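Down below is the structure, laid out as structure tokens.
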Amino acid sequence: MHIMEGFLPHPWWEVWYALSLPVVAYGIYRMNRLVKERRETLPLLALAGAFIFVLSSLKLPSVTGSCSHPTGTGMGAILFGPALTAVLSLIVLVYQALFLAHGGITTLGANVFSMGIAGPAVGYLVYRGCTRLNLHFYLSIFLAATLADWATYLVTTLQLALAFPSATGGVVGSFYAFGTVFALTQVPLALVEGVVTALIFKYIIQVKGDVMVKLKVIDEKGLGKLREAIPA
Amino acid sequence: MKGEIIAGLAIILFFALFLYVAASNTGADWGGADGEAEGVIAELTEGTYEPWFEPLIEPPSGEIESLLFSLQAALGAIVIGYFFGYYRGKQSA
Chain A
67 MHIMEGFLPH PWWEVWYALS LPVVAYGIYR MNRLVKERRE TLPLLALAGA FIFVLSSLKL
127 PSVTGSCSHP TGTGMGAILF GPALTAVLSL IVLVYQALFL AHGGITTLGA NVFSMGIAGP
187 AVGYLVYRGC TRLNLHFYLS IFLAATLADW ATYLVTTLQL ALAFPSATGG VVGSFYAFGT
247 VFALTQVPLA LVEGVVTALI FKYIIQVKGD VMVKLKVIDE KGLGKLREAI PA
Chain B
630 MKGEIIAGLA IILFFALFLY VAASNTGADW GGADGEAEGV IAELTEGTYE PWFEPLIEPP
690 SGEIESLLFS LQAALGAIVI GYFFGYYRGK QSA
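The listed protein sequences derive, respectively, from chains A and B.
Going by my numbering, the first sequence opens with residue 67, and the numbers climb by one from there.
Going by my numbering, the second sequence opens with residue 630, and the numbers climb by one from there.
Have a look at this one:
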């Protein structure tokens, strides 16, 4: 769930715009180069974008008695890194802000930052860290996607807490207040997103594992091992 | 098959949890988390905060809103289905 239209006061909406713009610009530059120079990655780019489209449209009920939706950005982050994922998220966020009154134009900067940049950055780093630790491939994907989703809502919580510090408890006080709304609701959703993303990666390994090697998501040896484990 | 079973179980568990909460917490209204955040903002500012910008276009009804959300999911699902169908078919050909 994104921050709604008009709900970030000056100067916060400008701050988040200023932080998001350079990353999105860099992402567009990277995407242009990818499209021109490595056309074999295009189907995966479309897949990562489509995954964000589907997952961020599913408003699911959670333990707190309210609903929220997963982000789907973990997949893009693992395959292409945070900058490109920021561009993919921007497309979804603009669609939702313009036609669905979900999120907003004034809060777009903040929402791109949480869903498109912070979450994917966490997912990317977690995945890279797990690979270095030699964790099992699917476990690494699960952790990266789950934490990318959850980090998104932690950042949303922080963004609102900074903009609306509580009179008694300050920023920390309102962080708890917004945290029960966003971060807590998101826990089961993030876990399911992690599991589903890991499953989809099994299919990607089957059909496009070679492109994943080219994108340096996985090495030749690891791919061979994973493919062996999948019965044809 | 292991992956599919784990994912299936996780999803079943997720909805079982939902049903359990729904049965035990009759006060839950299953609204959006963003709407609840609006409530928290009202509490923190003692009702003084007014959103300073309105959405340009608001879906005229809940039905049309769910239509647009379904459209979003459908578009994504078409691309995902095409991707896997095309490349799997190519592999087995």
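Heads up, the beta-carbon is just placed ideally off N, CA and C, and yes, glycines get one too.
Small disclaimer: the values here were computed from a predicted structure and weren't measured.
The shortest C-alpha to C-alpha distance from T246/A to any of T130/A, R96/A, A84/A and E106/A is the one to T130/A. Neighbours of L697/B in chain A, taken as residues whose beta carbon is under 7 Å from its own, are F165 and L166 in chain order. Boundaries of the alpha helix (DSSP H) harbouring L255/A: A249 to K280, taken from the DSSP string. Here G676/B carries a coil assignment [DSSP, helix/strand/coil]. Here W681/B is exposed. Its C-beta has fewer than 16 other C-beta atoms within 10 Å. In its chain, beyond the 5 residues on either side, no residue has a beta carbon closer than 7 Å to the beta carbon of V81/A. Taking 8 Å as the CB threshold, F203/A stays off the interface with chain B. Linking L145/A to F698/B through their CA atoms gives a straight-line distance of about 26 Å. In this model, A143/A and L100/A are separated by some 15 Å (Cα to Cα). Beta-bridge pairing by DSSP links G140/A to no other residue. Between A112/A and F712/B, the beta carbon gap of about 7 Å places them in contact (Cβ cut-off 8 Å). Exclusion of the five residues before and after F179/A leaves W82, L85 and S86 as the residues of its chain whose Cβ lies within less than 6 Å of its Cβ. Remark: C-beta atoms of T151/A and T218/A do not approach each other more closely than 8 Å.
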